[in-house]
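Colleague: Take this structure first; my questions come after.
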Amino acid sequence: MAQQIDWTRLDPLVRRLARDGVSPGGIASMLGLSRGAVRGRIASLERDAPAVVCADLAEAA
């Protein structure tokens, strides 16, 4: 059975790490998640975030 990820707690950390230039694979490794889950969440944040944050996240991905 797949593990549920509590993104409400992890989103601020994922945003900060992505903004600081950490790759999705690096973030996944730090948090014990799959790279695909992190990439998918970053893509979701890009769609939902203001334009400035989107630029930071897109640059990191």
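In our numbering, the protein residues as written are 360 to 420.
The beta carbon of each residue, even a glycine, is placed where N, CA and C say it ideally should be.
1. Within the continuous alpha helix (DSSP H) that includes I401, where are the two ends?
2. What is the DSSP secondary structure of I386, reduced to helix, strand or coil?
3. Hey, how far is the Cα of L376 from the Cα of A387?
4. If I measure Cβ to Cβ from D370 and keep anything under 8 angstroms in the same chain, skipping five residues before and after, which residues do I get?
5. Between the beta-carbon of G384 and the beta-carbon of R394, is there less than 9 angstroms?
Modeller: In short, the structure shows the following:
1. In the sequence shown, residue 401 corresponds to position 42, counting from 1. First-last of the alpha helix (DSSP H) with I401: 394–407.
2. On the sequence shown, residue 386 is found 27 positions in, with the first residue counted as 1. Looking at I386 - three-state DSSP - the assignment turns out to be helix.
3. Here the question's residue 376 lines up with position 17 in the sequence shown. Here the question's residue 387 lines up with position 28 in the sequence shown. Rounded to the nearest angstrom, the two C-alpha atoms are 11 angstroms apart.
4. Position 11 of the sequence shown holds residue 370. Counting only Cβ-Cβ distances below 8 angstroms, and skipping sequence neighbours, we find R400, L404.
5. The count along the sequence shown starts at 1 and reaches residue 384 at position 25. The count along the sequence shown starts at 1 and reaches residue 394 at position 35. Result yes, Cβ atoms of G384 and R394 sit closer than 9 angstroms.
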